[in-house]
Amino acid sequence: MTSQRKRVGVLISGRGSNMRSLVEAASAPDFPAEIALVLSNVADAAGLDFARTQGIATALVEHKAFSGREAFERAMHETLVGHGVELVCLAGFMRLLTPWFVGQWRDRMLNIHPALLPAYRGLHTHERALAEGVKIHGATVHFVAPEVDAGPIIAQAAVPVLGGDTPETLAARVLAQEHRIYPLALKLVASGAARVDGARVLIEGEAAAPDALLWPTA
Ligand code: GAR
78 MTSQRKRVGV LISGRGSNMR SLVEAASAPD FPAEIALVLS NVADAAGLDF ARTQGIATAL
138 VEHKAFSGRE AFERAMHETL VGHGVELVCL AGFMRLLTPW FVGQWRDRML NIHPALLPAY
198 RGLHTHERAL AEGVKIHGAT VHFVAPEVDA GPIIAQAAVP VLGGDTPETL AARVLAQEHR
258 IYPLALKLVA SGAARVDGAR VLIEGEAAAP DALLWPTA
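Here the numbering used here is used: position 91 in the sequence shown is 168, and no number is missing along the way.
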């Protein structure tokens, strides 16, 4: 049973709290994936320390050390393949990826984005949501497509935007939901329950739990 768990490489650039939520979920013996590698492009990313304390293999591939984006990505790709990685999870990985790298991991690379895509692609999502006065905001896990913050959606969670919110309070409310839906999305993909169908993701058994992905339970 253990040998059937999908080997996951998590790419981070900083704090790594989403990576941590994946590591914690994968510690359950019946979780269909294991975190085989945590790779960072930033040497002092705090998430690397956490991964080391958990006895997880870590790798540093610094974009600064390469002459161009493709050379950097080829080094990352070789590292991932060298660790037997089958699925990649971007978790606060703050580099744009070329179509070449995205193509190598097509339908096998997930990203978490702090907004309800397709709204608020890009950076500063919480500031922009507050500035536009939306009443509902949230987070999305999706398969990675060549366009930035686009691709078939696996899971989303919505949160209310409250009157006194600042970007920080809203970010914290969204982050709590990120930590809930990223492990859920990885479980769906690693188990084979979620599969890409054109621009959408079909989820086996979803009809039995129609609101499982949408609204916070706590
Ligand atoms: C998370 O909020 C994640 O959604 C966001 O960066 C944060 C990383 O936090 N990602 C992006 O904005 C990517 N476009 P973490 O390092 O604690 O997981």
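Idealized CB from N, CA, C, for every residue including glycine. Since the structure is predicted, the reported quantities are computational estimates derived from the model, not experimental observations.
With a cut-off of 6 Å, the C-beta of Pro191 is classified as near the ligand GAR, since at least one heavy atom of the ligand falls inside that distance. Under the three-state reduction of DSSP output, Asn95 falls in the helix class. Runs of the alpha helix (DSSP H) lying entirely within the stretch 219-274, each at least 4 residues long, are 244-267 in chain order. As summarised for the stretch 91-135, the continuous alpha helix (DSSP H) elements at least 4 residues long and confined to that stretch are 94-103, 123-130, given in chain order. The stretch 162-169 and the stretch 85-92 touch, with three or more beta-carbon pairs separated by less than 8 Å. With respect to the C-alpha of Asp184, the residue from Met96, Val278, Leu200 having the closest C-alpha is Val278. In this structure, Ala267 is the residue among Val238, Glu139, Ala267, His256 with its C-alpha nearest to the C-alpha of Phe220. Per the C-alpha coordinates, the member of Gly215, Ala103, Ala262, Ala227 positioned closest to Leu239 is Gly215. Going by DSSP, Val158 is part of the alpha helix (DSSP H) stretching over 146-159. With contacts defined by Cβ atoms closer than 7 Å, Val236 and Arg250 form a contacting pair. Within the chosen limit of 6 Å, the ligand GAR reaches the beta carbon of Arg92 through at least one heavy atom.
Of the residues assessed, Val158 falls on the exposed side of the cut-off, its CB having fewer than 16 other CB atoms within 10 angstroms. Leu194 carries a coil assignment under DSSP once its states are collapsed to helix, strand and coil.
In the structure shown, Thr217 adopts extended strand secondary structure according to DSSP, grouped into three states.
Taking each of His140, Ala110, Gly275 in turn and checking the Cα distance to Ala262, the smallest one comes out for Ala110. Of Gly180, Phe178, Val179, Thr217, the smallest CA-CA separation from Tyr197 is found for Thr217. In the assembly as shown, Ile213 is an exposed residue. Its beta-carbon has fewer than 16 other beta-carbons within 10 Å. Residue nearest to Ala128 within the set Gly145, Ala103, Arg97, Glu155 is Arg97 (criterion: CA-CA distance). Under a 10 Å Cβ-count criterion, Gly199 is classified as exposed, with fewer than 16 other Cβ atoms of the shown protein chains found around its own Cβ.
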